[in-house]
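Take a look at the structure below.
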Amino acid sequence: MSKKTSLYANRAKAYPRFLNHGMFRRLKWLMVVLTLAVYWIGPWLRWDRGVGAPDQAILIDLPGRRAYFFFIEIWPQEVYYLTGILIISALLLFFISAMLGRVWCGFACWQTVFTDVFVWIERLFQGERNQRMALDQGPLTVNKILRKAATIIGWAVVAGGFGLGFILYFQDAPTLVRDLVNGDAGLVQYLFMGLMSFFCFLLAGFARENVCIYMCPYARFQAAMFDEHSMIVAYEGWRGEPRAPVKGKPDFTGRGHCVDCKMCIQACPTGIDIRDGSQLACIGCALCIDACNQVMDRFGLPHGLISYDSIYNQQARSVGDTSSKTKVLRPRVYVYMLALVLACTVMVYTFTTRKTFDVSTLHERAPVYVELSGNRLRNGYTLKVLNMMRKQGRFLLTVEGLPNATLSVIGIDGEGKTEMELPVSPDSVGTFHLFITAPKESVPSKAVPLLVKVTDEDNGQVMTHQNLFAGPEQ
Ligand code: SF4
Ligand code: SF4
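Just so you know, we're using our numbering here: the sequence shown kicks off at 1 and counts up by one.
Structure (structure tokens):
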């Protein structure tokens, strides 16, 4: 009987070598500092919105059903702005991917940023790559327990900071921090802070590159956005092959520049070999470029055996053509740029012309109409005026489509007029019981269409709501 061979192989844990040099390593540290500073400073920025309004510049106020971003205030019914922001973000990602590959993943994605910090903590307490590997494979000693415990505590502190930063975007930051410290915060706050901290701890501490390789959907469809002119991290096989270790005095005649030192693999946070070609697990962090450049320096060879390059350029150089150049502007880039400009224009237009109030009417059903003396009919409505401004609203109510109609609103003087002024408190919904009266001859059928028109007396903006005026069967 033939022996069964398992096709399953456990994934080997990556032990990335920590680089202290290189342009891309420095760029990555800069991004770590920038993104974390934005994340943690964001909730502490203040923005004066007047009395009674929260003064936190960036706030998602769930109980108040409002989102604030500096001077922008989004109501729940304006959630389409969020859709717009997501569409613009996606298009921007497509555009950047078409130009520079997975530069977002490699430098700015939260998973990358926190993994970088976690690996730095790991190295601080457990040493460089080889020491970490030896520690993991070695027996359980006091030294190992202490080093592992220190690493876990370091990770927990950073993960806790992430969880805290997250919930601060949902409540006034200084008040929430005080409540958390005093033990006065609600269970929900503690729960969410714990949950977000736990996920950060798990994903950056243990899951790491597996998030990028197996969990992130972007990695799955990124290839659709690249073409042969996209600048991606690539191994210049035409120059590196045939690869071979250097023995004795370096002599590169008749062979490639790759010395098979595997430093690029050791520096890679996902543990892959870029020399095998472009692959899904490559997050475009460019650390292999820094690692390889250092090796090239050691042998007096030019930088760029691994570099940001296009497949088009590589293929051209492999046949000795150094004249051809990667095309920056190409149809795919034009399409993404056009879509971006369109989406931004629509967003800016809808935002600058956004309504400052809204109107709705609901016809009362019991009774649908009332016959009055003088051959007149009366219909009742619930009228709601949503004042989205932080000042007292003065709105003028009129109706169109019903000849000789008159209005009356419970609690407001001026019955029998053709227009009425409605006061609505700042940042609130005014609810009015409206009665419309019209001569019977104005209602030739069982129901006639009616347009309720409300004008903001301060800025002239007009909102209308279509309804019906009911009468008897003619
Ligand atoms: S670091 Fe450079 S020289 Fe070393 S194995 Fe990788 S590609 Fe070859
Ligand atoms: S292959 Fe290079 S660019 Fe890709 S993930 Fe590894 S180190 Fe980063």
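The C-beta atom is built at its ideal place from N, Cα and C for all residues, glycine as well. Source: prediction; values computed, not measured.
First through last residue of the alpha helix (DSSP H) which encompasses residue 384: Taken as a continuous stretch (DSSP letters only), residue 384 belongs to no alpha helix (DSSP H), being part of the beta strand (DSSP E) at 376-387.
Other residues of its chain near residue 222: CB distance less than 7 angstroms, five sequence neighbours each side excluded: 97, 102
DSSP three-state label for residue 453, please. strand
Counting pairs of Cβ atoms below 8 angstroms between the stretch 105-117 and the stretch 23-34, do you hit three or more? yes
Quick one: grab the DSSP three-state call for residue 199. helix
Name the residue from 362, 451, 348, 171 whose alpha carbon lies nearest to the alpha carbon of residue 403. 451
Which stretch, first to last residue, makes up the alpha helix (DSSP H) that contains residue 147? 142-167
Is it buried or exposed, residue 115, if we count other Cβ atoms within 10 angstroms and call 16 or more buried? buried
What's the gap between the Cα of residue 435 and the Cα of residue 357? 22 angstroms
Are residue 373 and residue 405 closer than 8 angstroms when you measure CB to CB? no
Identify, in the order they occur along the chain, each residue of the same chain with its Cβ nearer than 7 angstroms to the Cβ of residue 53, setting aside the five sequence neighbours on each side. 390
If you drop the 5 nearest sequence neighbours on each side, which residues of the same chain put their C-beta closer than 6 angstroms to that of residue 301? 257
Using DSSP with H/G/I as helix, E/B as strand and the rest coil, what is residue 76? helix
Between 454, 394, 329, which lies nearest to residue 425 when the distance is taken from Cα to Cα? 394
From which residue to which residue does the beta strand (DSSP E) around residue 321 run? Segment: none, residue 321 is in no beta strand (DSSP E) and carries neither H nor E.
Terminal residues of the continuous alpha helix (DSSP H) containing residue 345? 331-352
Hey, is the stretch 247-255 in contact with the stretch 226-237, meaning 3+ C-beta pairs nearer than 8 angstroms? no
Can residue 95 and residue 156 be called in contact, C-beta distance under 8 angstroms? no
Any idea what DSSP makes of residue 41, helix, strand or coil? helix
Spatial neighbours of residue 91 within its chain, please: CB distance less than 8 angstroms, with the 5 preceding and 5 following residues excluded, ordered by chain position. 336, 339, 340, 343
In whole angstroms, what is the alpha-carbon distance linking residue 68 and residue 76? 11 angstroms
Can you list the alpha helix (DSSP H) stretches of 4 or more residues lying completely in the stretch 174-218, in chain order? 187-202
From the DSSP output, which residues share a beta bridge with residue 417? 407
Return the CA-CA distance between residue 135 and residue 266, expressed in angstroms with no decimal places. 17 angstroms
Report buried or exposed for residue 78, applying the criterion of at least 16 other Cβ atoms within 10 angstroms of its Cβ. buried
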